Amino acid sequence: MRLTSGTTGARVLAFGGYQPARVVTNDELAATVDTNDEWIRSRVGIASRRIAGPDETVADMAVQAGGKALAASGLSPADIDLVIVATCTPEVQIPNTAAQTARRLGIDAPGAYDMNAACAGFCYALASASDAVRAGSARNVLVIGAEKLSQWVDWTDRSTCIIFADGAGAAVVSPVAEAEDKAGIGPVVWGSAGDMADKIYIKDRDSFIFQEGQAVFRWATTALAPVARQACELAGVDPADLAAFVPHQANLRIIEAIARRVGAPQALVADDIVTAGNTSSASIPLALSRMIERGQLQSGSLALLIGFGAGICYAAQVIKVP
Amino acid sequence: MAMTEQEILAGLGEIIDEVAGVPADQVTPDKTFVDDLDIDSLSMVEIAVAAQDKFGVEIPDEQLKDLKTVQDVVNYVMRADVSA
């Protein structure tokens, strides 16, 4: 049998992000549920979040973020032959989000699939995209994390409605033909803990998202730093050389606790959650796109990504900032 | 070898300084976490996680909520350390 031949490595050519227009402040939430701005800021680190319009879909947001990443990459829609959308909040089970997103972006007949690893979704999708490029099953991949968590939140439940939000982030992944040190996406460290399936879940289509906050906090602050360090080790990167640490924007307290234990004193730690809330699979590419837009990250510098969430699923890799 | 009470107290002081920014010299046995040291439940979880790294003693969530003072944690670690 003849086999495809790929390339040595893959890299991210560009990121793009999209946030819905509507800003919801802590004070606005405090008017309807028993909470307050100070408590929310101190416990989860969020000042405001963005919520999609009633008719705005996951695919709408995926198209926005994907279009920006594509434009920034310099590639044309015709160059993309695989579209992966990481999402756990699609409006419908079928059709998937990826195929319609691709069509609306003018990408003609690419491979297209959705994948669900909840808040770890983007790192899973990025690893899959990198592997597809390296194996030769795709040339250029559009990877998108897009979520409309607001439609699964009980807006009278103060433990969840203060956290979750909507948005999308995207990356274009392309081959690197040259030597290994030019590669831009490091080996993934991924895993799961199915025994903790009951810590974050949505029971059925008529239910809202449930989270056992303290148990998740303990797991995240215990288990993730070693995963993050292992991703550095596999990539041959000393954590001290990281320019940025971009974990899933779950909770600022979790982010700070993991950052302390990773041992990357020079790294800028992403705190996009402050004005974006927890956008699940969208949070990492959204944070990266905004950090790059603000000029906070130098091209070619190293960033450590780690996604984690329901499942429990987690994944981490080091990338070079495009 | 079992740790002494002073060693545990000193270790706990370092942890609390790092996690909650409370200077170690303020971490005295009679202080309560919530009222005296202004440490909330999430920081308590972080302290428990760090204590496990440092002392090799796991403090589960259900035990954690009963540990109100610095001395309570010291006692818990000492008992667990002896029985380990």
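Protein chains in written order, with our numbering: chain A, 1 to 322; chain B, 1001 to 1084. Where is the CB? At the ideal position from N, CA and C, for every residue including glycine. Quick caveat: nothing in here was measured; it's all calculated off a predicted structure.
message: Run through chain B and tell me which residues come within less than 7 Å of T222 (chain A), C-beta to C-beta.
response: When 7 Å is used as the limit between beta carbons, T222 (chain A) is near these residues of chain B: V1049, in chain order.
Cβ shell of A30 (chain A) (< 7 Å), same chain only, five flanking positions each side left out: Answer for A30 (chain A): N36 and D37, listed in chain order.
task: Under 7 Å between beta-carbons, which chain B residues line up against F245 (chain A)? List them in chain order, please.
output: Result: empty, since nearest Cβ-Cβ is about 17 Å, beyond 7 Å.
- prompt: Do the CB positions of P170 (chain A) and A65 (chain A) come within less than 8 Å of each other?
  reply: A quick correction: the sequence has Ala, not Pro, at residue 170 (chain A). Cβ distance < 8 Å, so A170 (chain A) and A65 (chain A) count as in contact.
- request: Under the assumption that A118 (chain A) contacts A310 (chain A) (Cβ atoms under 8 Å), give the Cβ distance between them as a whole number of angstroms.
  value: About 4 Å separates the CB atoms of A118 (chain A) and A310 (chain A); that is less than 8 Å, so the two are in contact.
message: I need the boundaries of the alpha helix (DSSP H) containing G1013 (chain B), first residue and last residue.
response: Under the DSSP assignment, G1013 (chain B) falls in the alpha helix (DSSP H) whose first and last residues are E1005 to A1020.
query: Measuring CB to CB, does A10 (chain A) end up less than 8 Å from G184 (chain A)?
result: Taking a C-beta distance under 8 Å as the contact criterion, A10 (chain A) and G184 (chain A) qualify as a contact pair.
Per-residue burial, A21 (chain A) [other beta carbons within 10 Å of its own, 16 or more giving buried]: A21 (chain A) is exposed by the Cβ-count criterion.
- request: Can you pull the chain A residues whose beta carbon is under 8 Å from the beta carbon of V1045 (chain B), in chain order?
  value: Neighbours of V1045 (chain B) on chain A, chain order: Q214, F217, R218 and T221.
Neighbour-count burial assignment, K1068 (chain B), 16 or more Cβ in a 10 Å radius: Per the 10 Å Cβ criterion, exposed.
Reduced DSSP category for N116 (chain A) - H, G, I as helix; E, B as strand; rest coil: Here N116 (chain A) carries a coil assignment [DSSP, helix/strand/coil].
- prompt: Ends of the beta strand (DSSP E) at A244 (chain A)?
  reply: Unbroken beta strand (DSSP E) run through A244 (chain A): A244 to P247.
- prompt: Residue range of the alpha helix (DSSP H) that Q1063 (chain B) falls in?
  reply: Secondary structure note for Q1063 (chain B): its alpha helix (DSSP H) is the uninterrupted segment D1061 to L1064.
query: Once you ignore the five residues that flank Q296 (chain A) on each side, which residues in its own chain have a CB closer than 7 Å to its CB?
result: L268.
query: Just checking, does the segment 1010-1018 of chain B make contact with the segment 1045-1060 of chain B on the three C-beta pairs under 8 Å criterion?
result: Because the criterion of three Cβ pairs below 8 Å is met, the segment 1010-1018 of chain B and the segment 1045-1060 of chain B touch.
field: Bridge partners - C313 (chain A), DSSP secondary structure assignment
entry: Answer is A:S192 and A:G309, bridged to C313 (chain A).
message: When you measure from the CB of G1056 (chain B) to every non-hydrogen atom of the ligand HEM, does any distance come out below 7 Å?
response: This structure lacks the ligand HEM, and indeed carries no ligand of any kind.
- prompt: Closer than 8 Å, CB to CB, is R229 (chain A) near chain B or not?
  reply: By this cut-off, R229 (chain A) is not an interface position.
query: Can you tell me whether DSSP reads M1052 (chain B) as helix, strand or coil?
result: Reading off the sequence, residue 1052 (chain B) comes out as Gln, not Met. Reduced to three states, the DSSP call for Q1052 (chain B) is helix.
- prompt: Count the other CB atoms within 10 Å of the CB of R1079 (chain B); is the residue buried (16 or more) or exposed (fewer)?
  reply: With fewer than 16 Cβ atoms within 10 Å of its Cβ, R1079 (chain B) is classed as exposed.
field: V58 (chain A) vs T87 (chain A) beta-carbon contact at 8 Å
entry: Cβ atoms of V58 (chain A) and T87 (chain A): closer than 8 Å.
field: 7 Å CB neighbourhood of V23 (chain A) in its chain, flanking five on each side removed
entry: So the qualifying residues of the chain are S48 and R50.
- prompt: Considering only residues of the segment 74-113 of chain A, which uninterrupted alpha helix (DSSP H) runs meet the minimum length of 4 residues and lie entirely inside it, listed in chain order?
  reply: Qualifying alpha helix (DSSP H) stretches, in chain order: 97-104.
query: Under a CB-based cut-off of 8 Å, is R253 (chain A) close to chain B?
result: Residue-level contact by beta carbon holds for R253 (chain A) and chain B, with a gap shorter than 8 Å.
Proximity below 8 Å, CB of F208 (chain A) to CB of V153 (chain A): Contact: yes.
- prompt: Among all the DSSP beta bridges, which residues are the ones paired with P164 (chain A)?
  reply: The sequence shown places Phe at residue 164 (chain A), rather than the Pro named in the question. Note: F164 (chain A) sits in a beta bridge opposite A:N278.
query: Ends of the beta strand (DSSP E) at E147 (chain A)?
result: Element bounds for E147 (chain A): V141 to K148.
Reduced DSSP category for V269 (chain A) - H, G, I as helix; E, B as strand; rest coil: In the three-state DSSP reduction, V269 (chain A) falls in the strand class (E or B).
field: Rounded straight-line distance, which links the Cα of V141 (chain A) to that of S73 (chain A)
entry: So the two alpha carbons sit approximately 11 Å from each other.
message: Please list, in chain order, the residues of the segment 35-47 of chain A that have any C-beta partner in chain B closer than 8 Å.
response: Against chain B - using a Cβ distance shorter than 8 Å - the residues of the segment 35-47 of chain A are S42 and R43.
field: Unbroken beta strand (DSSP E) run spanning F1033 (chain B), endpoints
entry: In this chain, F1033 (chain B) is not harboured by any beta strand (DSSP E), its DSSP state being neither H nor E.
message: Tell me which residues share the same chain as C161 (chain A) and place their Cβ nearer than 7 Å to its Cβ, disregarding the 5 neighbours each side in the sequence.
response: Here the set comprises L29, V33, V153, D154 and W155.
message: For a test of the three-state rule: what should DSSP assign to R11 (chain A), helix, strand or coil?
response: Here R11 (chain A) sits in strand by DSSP.
task: Measure the beta-carbon distance from L358 (chain A) to Y314 (chain A) and round it to whole angstroms, keeping in mind my assumption that it falls under 8 Å.
output: Nothing can be reported for residue 358 (chain A): it is not among the residues displayed for chain A, which extend from 1 to 322.
- prompt: From the beta carbon of D1061 (chain B), is the nearest beta carbon of chain A less than 8 Å away?
  reply: With a threshold of 8 Å between beta carbons, D1061 (chain B) makes contact with chain A.
- prompt: Could you give the C-beta distance for E91 (chain A) and S281 (chain A), rounded to a whole number, given that I count them as a contact under 8 Å?
  reply: About 15 Å separates the two Cβ atoms, so there is no contact after all.
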